[in-house]
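Single-structure report; data block below.
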Amino acid sequence: MKNLIFSFILMLIGGSIYGQNLKSDQGHEHNPYYSTVDTTKLKVSDAEWKKVLPKNLYLVAREKNTEMPFTGKYWKSKTKGTYYCAACGNLLFRSDAKFASSCGWPSFYEPLRPNSVEYHEDHSHEMDRTEVLCGRCGAHLGHIFNDGPAPTYKRFCMNSVSLDFQPDKTDKTK
Ligand code: FE
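Here it is as C-alpha cells:
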C-alpha cells in the first residue's frame, strides 16, 4: 500500500513537470518579456536580451544577422496559422499573407496590423534596403522589398528564427 501511494505521488510530480514542459514548448521559459497579449512597447538593453534569448535568435534579433536561405523552419511552410515575434511574442503575420517565394526565407505581403512592425533605412553591406523590425521590441526581423504579389506588391522577407508559429486549431492539413 505504501508503495502504491509512493508511486501515485511520483506520478503527480512527473505530471506537473510534464505540464511545465508543455507550457514552455517554445523555449521562452527564460524570457520574462515574452507575451502574445501584452502590447506594451519594450525598452530592453541588448545585454539583457543576450541573457534571455537563445544565441541564434539573439544574433538575428539584436545583431541583425541573417540566417542562411533555405535553412529556416518556415520558408516553405504552408500551414495555416499566426506568426509571432520570437523575441517578445508580438503578433506579426497571418499565414494568409504568406506566399511561395523562391528567395529561401518566409515571405509575406503584409503584416497583421500596420503597427506590428517598424521600418528603418539600412545602408549596410553597400546596399540601400529597408529593415523590418518588431513594433513591440525592436527585434530585427528581416527586410522589405517591392517585388511582392498583389495586393500590396511588397515582400516582407523574414528570418524564420525571428518568428514563432502557432498553427490554427481548425487546420485540417496538419
Ligand atoms: Fe518583438
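Heads up, the sequence shown is in the numbering used here, so the first residue is 2 and it goes up one at a time.
Even glycine gets a Cβ: it sits at the ideal position worked out from N, Cα and C.
Distance between residue j and residue i (C-alpha atoms, nearest Å)
i	j	result
F166	T41	21 Å
A151	E111	10 Å
E49	R63	11 Å
S108	N147	12 Å
T83	P168	6 Å
T37	K52	20 Å
H124	N91	26 Å
A127	Y120	Note on residue identity: the sequence assigns Glu, not Ala, to residue 127. Each residue's alpha carbon lies about 18 Å from the other.
E122	F94	21 Å
K155	P55	30 Å
F71	C158	12 Å
S161	D39	22 Å
A140	S117	12 Å
Residue i: CB within 8 Å of a non-hydrogen atom of ligand 1
i	result
C86	yes
A48	no
N66	no
R137	yes
C104	no
Anticipated Cβ contact below 8 Å, residue i with residue j, distance rounded
i	j	result
L134	A87	Rounded, the Cβ-Cβ distance is 13 Å, inconsistent with contact.
L43	C89	6 Å
Y34	C138	7 Å
Residue i Cβ short of 8 Å to ligand 3 heavy atom set
i	result
L113	In the structure shown, ligand 3 is absent; the only ligands present are ligand 1.
Do the segment 75 to 84 and the segment 96 to 109 touch if we need at least three Cβ pairs shorter than 8 Å? Under the Cβ criterion (8 Å, minimum of three pairs), the segment 75 to 84 counts as touching the segment 96 to 109.
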